[in-house]
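A.B. asks: Residues 1 to 762 (UniProt numbering) are what the sequence shown spells out, left to right. Don't be surprised by glycine CBs; every beta carbon is placed ideally from N, CA and C. Just so we're clear, the structure is a prediction, and the values are computed from it rather than from any experiment. Sending over a structure as structure tokens; questions will come in a sec.
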Amino acid sequence: GLFVTDYFTRTPRKLSPFRSFASIELFHFHIPEDTVIAVWNLITFKEQGGTFGDQCPDRSITVYFRSGAPSVINPLHTHFPRDTAVPGSFALTLTWTLPNRTTGVFNVTSPLPGDWFLAAHLPKDEGKISVKGLYEECQYLFQPQLIVQRLVNIAVLYPGHVTEQSMAPHNRSCLYKVFVPSYTSRVLVEVLRCRGAEGCPLWLRVRAKAPPLHNSTTLDCREHTPCQLAQDLPFWQHWYYVLVEKYPGVPGTISFQVTVQLTDCSRPSLARPPFLPSSASMNMPHSFGSAGGLALGDSPPPTSPNDTKHPIPVTSHAGERCWPVRPTLRNELDTFSVHFYIFFGPNVSVPPDRPAVFVINLLPVLDSGGVLNLELRLNVSSLCGENVTVFGCLNHEVPLTSGDNTSVTCETESLAGFLLSVNATASLSRLRIPYPQTGSWYLSLRSLCATEHGFEPCTNVTAEVYLRAYLSPCINDCGIYGQCKLLRTNNYLYAACECKAGWNGWGCTDNAEAFSYGFQLLSTLLLCLSNVMFVPPVAIAVRSHYLLEAAVYIFTMFFSTFYHACDQPGIVVFCIMEYDVLQFCDFLGSLMSVWVTVIAMARLQPVVKQASVLYLLGAMLLSMALQMDRHGLWNLLGPSLFALGIMAVAWTARTIRRRHCYPPTWKRWAFYLCPGALIAAAAVLLYAFVETEENYFYIHSIWHLLIAGSVGFLLPPRAKPSRRLGPLPRRKGCGYQLCVNEQEELGLVDPAVASINSICTS
């Protein structure tokens with residue numbers, strides 16, 4: 001055949017350590033039909049500071065592959081919520097072959113067409129809280145590329161027609177495909193009139209949705225006469241591929257005929273006629289209208305010399321009968337919030353002699369990022385005292401109808417499903433499927449009576465079941481210890497839980513590492529009450545007449561206390577305002593405390609200080625920096641360094657003018673400035689290099705204590721007037737005027753009483 005090669009690529013993305021599914025990087029691809037091979041080229045490289053990260057450590061990268069929906073992964077081996085079905089996926093771990101780059105290749109022969117999803121992440125780290133911008137982080141970038149090779153012009157087989165084929169010596173196989181509409185219970189493929197070699201040395205392989213593989217359903221035509229291969233319960237509304245393969249080493253040309261028969265399950269004694277009106281070709285009962293989709297009977301297929309009409313009688317098989325499928329009404333409330341309502345429901349009657357079948361249609365791409373929920377509740381009063389059990393089978397793309405009325409399984413050789421059951425003892429059953437595959441999901445309900453010999457069909461008992469089906473973003477909205485997040489990768493939306501307070505799992509239900517209530521209360525009290533350490537600096541500031549500084553410290557103490565009370569991950573949470581407002585005020589108060597303390601230490605001239613120019617300038621600069629990036633290092637460190645520069649200039653000017661060190665006393669350096677600086681430096685080191693997620697509650701509390709304590713040491717004492725006094729305002733009725741000179745601030749520890757050395761008569 002003729003091959004066409006398509007190439008797809010995605011933009012490189014930065015990978016993150018795995019904490020929950022919200023921390024993975026998801027990539028969405030679409031594989032076209034008739035693809036014979038798909039090759040993923042997985043490129044990973046390191047970066048550090050905009051250059052190649054040769055010095056970055058090697059960290060393994062895990063990549064997951066799944067067709068139809070994102071992978072449901074569990075690398076931490078946590079527990080899933082009850083009644084949750086976990087679909088499988090394929091995982092691949094990449095190892096490094098070069099210092100800063102590695103490439104992995106993943107081949108899929110005859111992949112399923114449609115949506116494919118790749119999920120990638122780094123291993124879980126130790127949870128260190130790093131300060132943004134403190135050092136250049138190692139970044140691990142991942143870029144997947146997809147190359148597909150597909151066949152074009154694959155021969156189409158029409159049901160009830162015989163196709164002539166000659167296989168030349170240089171050819172190894174012939175590939176065909178046939179479309180299977182709804183309400184088809186059996187596909188029968190047969191090879192006829194094999195000539196050109198002894199014993200018909202051919203293999204017959206059949207597979208749904210994609211070309212057959214070596215492990216597909218296979219029949220050896222040498223050992224089976226006639227060479228017929230049947231597929232019971234085929235997938236509806238899909239292509240089936242037929243591969244006729246020649247034995248290796250067989251010389252000469254082999255000619256044969258291929259025919260396909262589809263059994264109409266609404267009329268099990270007859271094969272599907274080749275030409276029917278469009279509604280009948282889908283075999284949808286007229287009361288429910290047309291099922292839509294591709295109708296093979298809309299127009300006769302083009303005839304060719306190799307095609308002849310060759311009807312073959314088909315006998316009826318047990319279990320080929322199908323029942324009308326009741327549709328559901330789709331009601332979209334929000335993103336991944338969809339309810340499926342049953343006409344004349346939600347109570348459903350399950351008769352004893354036949355199953356009740358319902359269909360739930362999930363839209364492509366739009367619905368695969370949520371959770372499909374199903375709930376069955378039995379009305380015990382409808383059983384009339386009988387020991388009845390209602391079994392439900394949820395299958396994808398075809399309803400399960402078994403010829404054995406006593407069978408309670410939802411699986412066959414080629415079909416897998418999910419089983420639910422309710423009875424008088426357990427009247428409620430739930431099923432949750434995270435990231436379900438899109439398309440049609442069929443629910444078949446049957447009622448069986450329990451006897452000494454197992455389950456048998458019931459007589460004259462119609463069970464009543466309450467049925468609820470809906471699509472939700474997350475399982476139980478992630479509970480009280482999680483947050484359901486709506487995520488996006490390019491144009492694909494999906495939802496995932498982000499757990500807190502030590503809880504883990506897909507629905508934040510795994511409490512193996514969960515924080516107890518006492519631990520949550522202790523951490524909240526430590527983070528809040530540690531701000532009481534700002535009371536001594538407030539008292540010192542008021543005593544030294546630094547009223548503006550005292551107001552800033554009170555502001556910081558108040559908002560830091562209530563911000564940490566609102567920032568807790570567990571249930572011990574108290575918010576007096578919106579979280580964003582509390583966070584902004586806490587960050588602003590902390591930086592303003594540093595700013596006003598340093599400006600006070602500079603002891604600027606009264607004219608500058610009374611105008612409050614620098615205080616207002618600091619408030620504006622810090623507000624701007626916090627609005628740009630609250631966690632950026634230099635946006636926050638810049639204003640602080642600017643204040644330290646002002647203090648350094650002021651101290652240097654005094655030192656030069658007085659020709660001795662400022663502050664002038666060794667006691668100020670030994671007992672106040674040096675201890676205060678050491679305490680502040682220790683606080684910064686703890687905050688930048690020691691703080692992690694596990695020790696956050698007590699390391700950050702120590703940070704509060706140290707910062708508040710350093711302010712108490714660094715805040716300068718009350719200014720002391722000099723010995724020379726200048727003129728004072730003249731009092732009415734007094735014949736004298738007091739002359740006071742300009743005060744000169746020496747920065748001494750103990751202020752003394754100013755002396756008057758001159759009296760001027762008016």
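Just to confirm my understanding: we take phenylalanine 106, look at its own chain, exclude 5 residues before and 5 after, and list those with CB closer than 8 Å. What are they?
C.D. replies: Here the set comprises Val39, Trp40, Leu42, Val63, Phe65 and Leu92.
A.B. asks: Give a yes or no on whether the C-beta atoms belonging to proline 201 and lysine 246 are separated by under 8 Å.
C.D. replies: yes
A.B. asks: Do the stretch 644–652 and the stretch 676–684 make contact, defined as three or more Cβ pairs closer than 8 Å?
C.D. replies: no
A.B. asks: Using the rule of at least 16 other Cβ atoms within 10 Å of the residue's Cβ for burial, across every protein chain shown, is lysine 177 buried or exposed?
C.D. replies: By the neighbour-count criterion, in which 16 or more other beta carbons inside 10 Å mark a residue as buried, lysine 177 falls on the buried side.
A.B. asks: Quick check on DSSP: helix, strand or coil for arginine 654?
C.D. replies: For arginine 654, the three-state secondary structure derived from DSSP is helix.
A.B. asks: Go through its chain and collect everything with a Cβ distance to glutamate 693's Cβ below 7 Å, but skip five positions before and after it.
C.D. replies: Gly127 and Ile129
A.B. asks: Given this structure, state the Cα-to-Cα distance separating glycine 370 from valine 162, to the nearest angstrom.
C.D. replies: 45 Å
A.B. asks: Taking the CB atoms as reference points, tell me whether leucine 233 and valine 398 lie closer together than 8 Å.
C.D. replies: Yes. Within cutoff.
A.B. asks: So leucine 685 is in the alpha helix (DSSP H); what residue range does that whole segment cover?
C.D. replies: 674–685
A.B. asks: Here's the rule: buried if 16 or more other CB atoms are within 10 angstroms of the residue's CB, otherwise exposed. What is serine 612?
C.D. replies: exposed
A.B. asks: For tryptophan 116, collect the residues of the same chain with a Cβ closer than 6 Å to its Cβ; drop the 5 residues on either side in sequence, then sort them by chain order.
C.D. replies: Phe29, Ile31 and Ser67
A.B. asks: Report the option in Ala197, Gly196, Leu243 and Arg222 whose CA atom is closest to the CA atom of asparagine 215.
C.D. replies: Leu243
A.B. asks: According to DSSP, which residues form a beta bridge with glycine 104?
C.D. replies: Leu42
A.B. asks: Cα separation between leucine 296 and phenylalanine 179?
C.D. replies: Reliability of the predicted coordinates at leucine 296 is poor, the pLDDT of 30 falling under 50, and the value obtained from them is presented with this limitation in mind. Cα-Cα distance, rounded: 8 Å.
A.B. asks: List the whole-angstrom C-beta distance separating valine 189 from valine 260, where the pair is believed to meet the contact cut-off of C-beta under 8 Å.
C.D. replies: 5 Å
A.B. asks: Helix or strand or just coil, what does DSSP make of threonine 303?
C.D. replies: Any reading at threonine 303 must be qualified, since the residue scores a pLDDT of 37, below 50, and its modelled position is unreliable; the value itself is stated next. Three-state DSSP puts threonine 303 in coil, outside helix and strand.
A.B. asks: Just the C-alpha distance for proline 87 and phenylalanine 18, rounded to the nearest angstrom, thanks.
C.D. replies: 20 Å
A.B. asks: Just the Cα atoms here: how many angstroms apart are serine 281 and proline 181?
C.D. replies: Summary for serine 281: the model assigns pLDDT 33, below 50, so the residue's position carries little reliability, and this model does not support an answer.
A.B. asks: Going along the chain, which unbroken runs of the alpha helix (DSSP H) with 4 or more residues stay wholly within the stretch 548–608?
C.D. replies: 579–602
A.B. asks: Could you say which of Tyr341, Ser337 and Leu526 lies nearest to threonine 328 if we only look at CA atoms?
C.D. replies: With respect to the C-alpha of threonine 328, the residue from Tyr341, Ser337 and Leu526 having the closest C-alpha is Tyr341.
A.B. asks: Can you tell which of Arg101, Glu332 and Thr95 has the C-alpha that lies nearest to the C-alpha of aspartate 54?
C.D. replies: Arg101
A.B. asks: Pick out whichever of Val596, Cys508 and Cys227 has its Cα sitting closest to the Cα of proline 569.
C.D. replies: Cys508
A.B. asks: Is the CB-CB distance between proline 364 and valine 461 below 8 Å?
C.D. replies: Contact: no.
A.B. asks: Distance check for glutamate 411 and tryptophan 236, CA to CA, integer angstroms please.
C.D. replies: 17 Å
A.B. asks: Aspartate 125 bridges to which residues according to DSSP?
C.D. replies: Its beta-bridge partners do not exist; DSSP assigns none.
A.B. asks: Between glutamine 228 and threonine 217, how many whole angstroms is the CB-CB distance? I'm expecting something under 8 Å.
C.D. replies: In fact, because the Cβ distance is near 12 Å, the residues do not count as touching under 8 Å.
A.B. asks: Return the Cβ separation of leucine 122 and leucine 15 in integer angstroms, given the expectation that the two are a contact with Cβ distance under 8 Å.
C.D. replies: 5 Å
A.B. asks: Compare the Cα-Cα distances from arginine 718 to each of Val594, Tyr546, Met628 and Ala551 and report the closest residue.
C.D. replies: Tyr546
A.B. asks: Rounded to a whole number of angstroms, what is the C-alpha to C-alpha distance between leucine 706 and arginine 658?
C.D. replies: 34 Å
A.B. asks: Among Phe21, Asp6, Phe3 and Val4, which has the Cα closest to the Cα of isoleucine 504?
C.D. replies: The residue asked about is misnamed: residue 504 is asparagine in this sequence, not isoleucine. Taking only the C-alpha atoms, the option nearest asparagine 504 is Phe21.
A.B. asks: Would you grab the beta carbon distance between leucine 118 and phenylalanine 3 for me? Rounded to a whole angstrom, and I think it's under 8 Å.
C.D. replies: In fact, because the Cβ distance is near 24 Å, the residues do not count as touching under 8 Å.
A.B. asks: Do proline 355 and serine 444 count as a contact pair if the criterion is CB distance below 8 Å?
C.D. replies: yes
A.B. asks: Which of the three DSSP states is assigned to tyrosine 696 in this structure?
C.D. replies: helix
A.B. asks: Is there contact between the stretch 416–429 and the stretch 372–390, where contact requires at least three CB pairs shorter than 8 Å?
C.D. replies: yes
A.B. asks: Alpha carbon to alpha carbon, what distance is there between leucine 400 and lysine 209?
C.D. replies: 19 Å
A.B. asks: Whose CA, out of Thr561, Leu588, Cys497 and Val206, lies closest to the CA of isoleucine 576?
C.D. replies: Nearest C-alpha to isoleucine 576: Thr561.
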